[in-house]
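Colleague: Before I ask anything, here is the structure I am working with.
Numbering (this note's numbering), first residue to last: 1 to 540.
Below, the structure written as structure tokens:
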């Protein structure tokens with residue numbers, strides 16, 4: 001019966017994984033197709049963007065699988081199931097999850113340091129018609145070589161950084177180096193890969209602080225406030241057109257007698273003509289929006305959008321509170337700065353951690369919640385990137401708009417989302433540390449209880465406890481995700497202060513989003529639109 005139960009649970013797990021995989025691929029395809037430019041669509045860049053985004057989401061989907069496997073090894077009474085009672089069996093399962101992380105993280109390194117840079121530079125070289133395709137490939141490989149060097153350096157640093165150097169003072173340098181090689185071999189390259197992924201996760205942390213923290217406030221408040229009235233904006237735009245035309249007539253009236261215009265008047269006339277072209281484009285855009293079926297549907301669904309906005313802002317506040325409690329817990333009860341503020345369980349009441357532990361009673365509610373949390377981070381990140389655009393320090397490189405995003409911007413977008421999804425594993429750990437470490441594992445503890453009724457005879461009582469740092473090593477199995485996150489203590493320190501920065505940026509973004517007015521329907525039709533060539537723009 002136990003074998004049948006395991007087979008049925010395994011089959012159900014694989015079925016769910018297949019459905020999730022199909023949903024991820026459909027979501028990536030729809031998202032990329034929605035935002036890519038209609039005029040400059042490129043097959044290679046489109047496929048690369050879809051694959052990169054799908055790999056990121058599949059990697060995030062491995063976290064609940066990891067937690068499920070360590071939780072499924074034990075019964076609710078704390079004893080191991082028959083198939084997991086052997087240490088060899090447990091080791092095989094742990095290695096399977098570890099190899100899954102190896103594979104996905106290796107693909108992520110390949111995408112970040114080779115595939116996406118190569119496709120980006122190849123498309124940049126394609127703009128020059130005088131260059132042959134062979135020269136395009138050579139130039140793209142030449143520029144991509146720099147990214148490959150960075151990747152190699154990160155792998156070498158991670159492979160040889162001293163984690164467990166012998167403490168004996170009499171050990172020679174060769175013995176120290178030999179121990180490093182033995183450590184690398186015993187961990188199958190875990191240190192090298194973990195260091196490289198953690199380095200990328202730092203960039204993802206900066207992206208989450210920049211885009212996700214702002215998107216968590218901008219997305220719900222935009223849903224609640226809604227856009228400005230299209231009819232009112234058309235009237236404003238018509239008034240602006242009449243005003244510009246009147247100014248142009250005033251300038252042209254100066255040369256009715258045949259006198260040439262002054263150079264200042266000619267420059268002003270050119271500027272007014274350019275402004276008039278922009279206003280005409282806005283007018284056509286507003287006409288299309290007003291007549292579109294989607295606008296009418298949005299008006300009908302306005303109450304639902306308000307309800308969604310309220311729900312999203314409540315979720316954002318819940319995450320912020322949980323993140324604050326987790327960081328406060330680390331500040332008060334962690335192992336200290338030198339351990340990367342490592343914490344073994346929860347000492348302060350964390351609502352999300354408690355909810356996930358309670359939902360594990362009904363399979364698979366907790367894994368659905370983890371998937372929803374990950375998807376929430378992705379959606380708010382997308383909203384933040386679309387609101388702000390892609391920036392390099394103080395320079396805006398690209399705008400992200402439906403149907404008008406250039407292939408280069410699309411590749412940048414998917415790389416940023418890939419790095420953000422990488423960091424969501426640590427964000428979820430910060431939100432629910434005990435759940436991410438042990439899942440729903442419990443262990444039995446025998447204690448002597450004195451019974452007064454039995455004339456003070458001692459009897460043995462078995463107590464069931466939730467797994468934490470005080471549990472015996474052979475009773476509670478750590479997830480592979482937790483080991484990856486805490487391989488290097490200094491990354492944990494940076495993540496800890498990054499969480500405080502995330503909370504601060506969210507609160508600032510919440511104030512800014514509240515003070516901002518309703519979003520205009522003509523914000524995306526600008527006279528400085530450099531993302532598309534030509535005067536005419538394609539309208540979503």
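We put the beta carbon where it would ideally sit given N, CA and C, even for glycine.
1) Please state whether DSSP places residue 465 in a helix, a strand or coil.
2) Can you name the residues that DSSP bridges to residue 519?
3) Please name the residue or residues paired with residue 391 in a DSSP beta bridge.
4) Closer than 7 Å by C-beta to residue 100: which residues in its own chain qualify, once you throw out the five before and the five after it? Chain order, please.
5) Between residue 52 and residue 193, what straight-line distance do the alpha-carbon atoms span, to the nearest angstrom?
6) Could you tell me the alpha carbon to alpha carbon distance between residue 441 and residue 226, rounded to whole angstroms?
7) Between which two residues does the alpha helix (DSSP H) holding residue 38 run?
8) Nearest by alpha-carbon distance to residue 384: which of 83, 510, 303 and 44 is it?
9) Between which two residues does the alpha helix (DSSP H) containing residue 304 stretch?
10) Relative to the alpha-carbon of residue 147, which residue among 348, 354 and 119 has its alpha-carbon at the smallest distance?
11) Have a look at residue 288 and residue 155 and give me their C-alpha separation to the nearest angstrom.
12) Pick out whichever of 382, 371, 77 and 72 has its Cα sitting closest to the Cα of residue 35.
13) For the candidate residues 232, 43 and 421, whose alpha-carbon lies nearest to that of residue 202?
14) Output the distance between the C-alpha atoms of residue 40 and residue 407, rounded to the nearest integer angstrom.
15) In the DSSP assignment, the alpha helix (DSSP H) including residue 414 goes from what residue to what residue?
16) Report the rounded CA-to-CA distance for residue 19 versus residue 218, giving the unit in angstroms.
17) Per the DSSP calculation, residue 444 is bridged to which residue(s)?
18) Using DSSP's beta-bridge definition, name the partner residues of residue 80.
19) Output needed for residue 157: all residues of its chain with C-beta closer than 7 Å, excluding positions within five of it in sequence on either side, in chain order.
20) Looking only at C-alpha atoms, which of 503, 494 and 270 sits nearest to residue 199?
21) If we define contact as Cβ-Cβ less than 8 Å, is residue 501 a contact residue for chain B?
22) Is it the case that the Cβ atoms of residue 390 and residue 413 are separated by a distance below 8 Å?
23) When the Cα atoms are used, what is the spatial distance from residue 310 to residue 212?
24) Excluding the 5 residues preceding and the 5 following residue 15 in the sequence, name in chain order all residues of the same chain whose CB lies nearer than 8 Å to its CB.
25) Helix, strand or coil: how does DSSP classify residue 282 here?
26) Kindly list the residues whose CB is nearer than 6 Å to the CB of residue 301, restricted to its own chain and excluding five residues on each side of it in sequence; keep chain order.
27) Measure the C-alpha to C-alpha separation of residue 57 and residue 423 and round it to an integer number of angstroms.
28) Suppose contacts are defined by Cβ-Cβ distances below 8 Å. Is residue 106 in contact with residue 439 by that definition?
29) Measuring CB atoms only, is the stretch 320-337 touching the stretch 393-406, in the sense that at least three cross pairs come out at less than 8 Å?
30) Taking only three categories from DSSP, how would you classify residue 241?
Modeller: So, from the data block:
1) strand
2) 227
3) 396
4) 62
5) 18 Å
6) 45 Å
7) Taken as a continuous stretch (DSSP letters only), residue 38 belongs to no alpha helix (DSSP H), as it is neither H nor E.
8) 510
9) 302-333
10) 119
11) 53 Å
12) 382
13) 421
14) 7 Å
15) 407-431
16) 31 Å
17) 464
18) 74
19) 195
20) 494
21) This model lacks chain B altogether; it includes just one protein chain.
22) yes
23) 18 Å
24) none
25) helix
26) none
27) 12 Å
28) no
29) no
30) helix
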